[in-house]
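J.:
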Amino acid sequence: MTRIRSRRRSEAQLIADLDDILRPSRRIGVLGAAWRWRYELGLAAGVTLALATLLRVRGTEWTVIAMSALAGALAPPWPPWATAAAWRVITPHRLRSGCAQARIQSRRGRLPLVLRTTSTPFGERVRLWCPAGTSAEDLRSARPLLRAACWAADVRITRDERYAHIVTVDVIRHRLLRAAQQAPTGPVPAPAAP
């Protein structure tokens, strides 16, 4: 029984490797890479500009003091708004990586495009534009891989009611609706008199 499973796994890996050789994934262009990494590039440019300005105006001593203060301010524990902002930047990268590893792409190698990422009480909500050749069903079939790629407790995938190529991926990190929180908050009605 073990040999059969091992052989099937080897055959599946061989088919996947052949698929990579015969149909390599599409490489991203410079503009696409700049768009995907826009937040990180903006942060790096802003920090570099601020440090260069501070170095020029105040000198080395004040620059070192400012960098030390900034490092102390950015040390954990972070406020919830900063954590949510970080997850809004991290989640699209992890979701694209999960789509690439799960081979959720068109025949030309195009991955789903991230339209928007918003913070929600349970985690993040990501809106995707699926290119021709991909669908919400492809994403649903790869839920375990996407869940692991996004470092999430669960991933919920829903197709837009109006447009089939627009898909919403809910990355669930927090289970807020516990039994204690679901209890009614108003006064408990008295039992009816017999």
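In the numbering used here, the protein residues as written are 1 to 194.
Note that the Cβ used here is the ideal one computed from N, Cα and C, for glycine as well.
All of these numbers come straight from a predicted model, not from anything done at the bench.
(1) Would you check if there are 3 or more beta carbon pairs closer than 8 Å linking the stretch 93 to 102 to the stretch 134 to 154?
(2) Got a sec? Which residues, its chain only, sit under 6 Å from V89 by beta carbon, not counting five neighbours each side?
(3) So, R127 versus L139, is the Cβ gap smaller than 7 Å?
(4) Decide if the stretch 76 to 84 is in contact with the stretch 28 to 36; the criterion is three or more beta carbon pairs, one per stretch, under 8 Å apart.
(5) How is the alpha helix (DSSP H) around R156 delimited, first residue to last?
(6) Say whether the stretch 53 to 72 touches the stretch 104 to 111, bearing in mind that this needs 3 or more beta-carbon pairs closer than 8 Å, one atom from each stretch.
(7) In the structure shown, what three-state DSSP assignment does T120 receive?
(8) Going by beta carbon distance, what residues of the same chain come within less than 7 Å of S10, once the five residues before and after it are set aside?
(9) I need the straight-line Cα distance from P76 to A86, nearest angstrom please.
(10) Where does the unbroken beta strand (DSSP E) through T168 begin, and where does it stop?
(11) Give me the residue from V171, G72, I166 with the minimum Cα distance to D154.
(12) Please go through the same chain and pick out, in chain order, the residues whose beta-carbon is closer than 6 Å to the beta-carbon of T158, but skip the five residues on each side of it.
(13) What does the Cβ neighbour count give for G123, buried or exposed, with the cut at 16 atoms within 10 Å?
(14) Kindly indicate if chain D contains any beta-carbon less than 7 Å away from that of V89.
(15) Give, in chain order, every unbroken run of the beta strand (DSSP E) that is at least 3 residues long and sits entirely within the stretch 93 to 148.
(16) In three-state DSSP terms, what is A75?
T.: Considering the structure as presented:
(1) yes
(2) Y39
(3) no
(4) no
(5) Taken as a continuous stretch (DSSP letters only), R156 belongs to no alpha helix (DSSP H), being part of the beta strand (DSSP E) at 154 to 159.
(6) no
(7) strand
(8) none
(9) 13 Å
(10) 166 to 172
(11) V171
(12) T168
(13) buried
(14) The structure shown contains no chain D; it is built from a single protein chain.
(15) 113 to 120, 123 to 129
(16) coil
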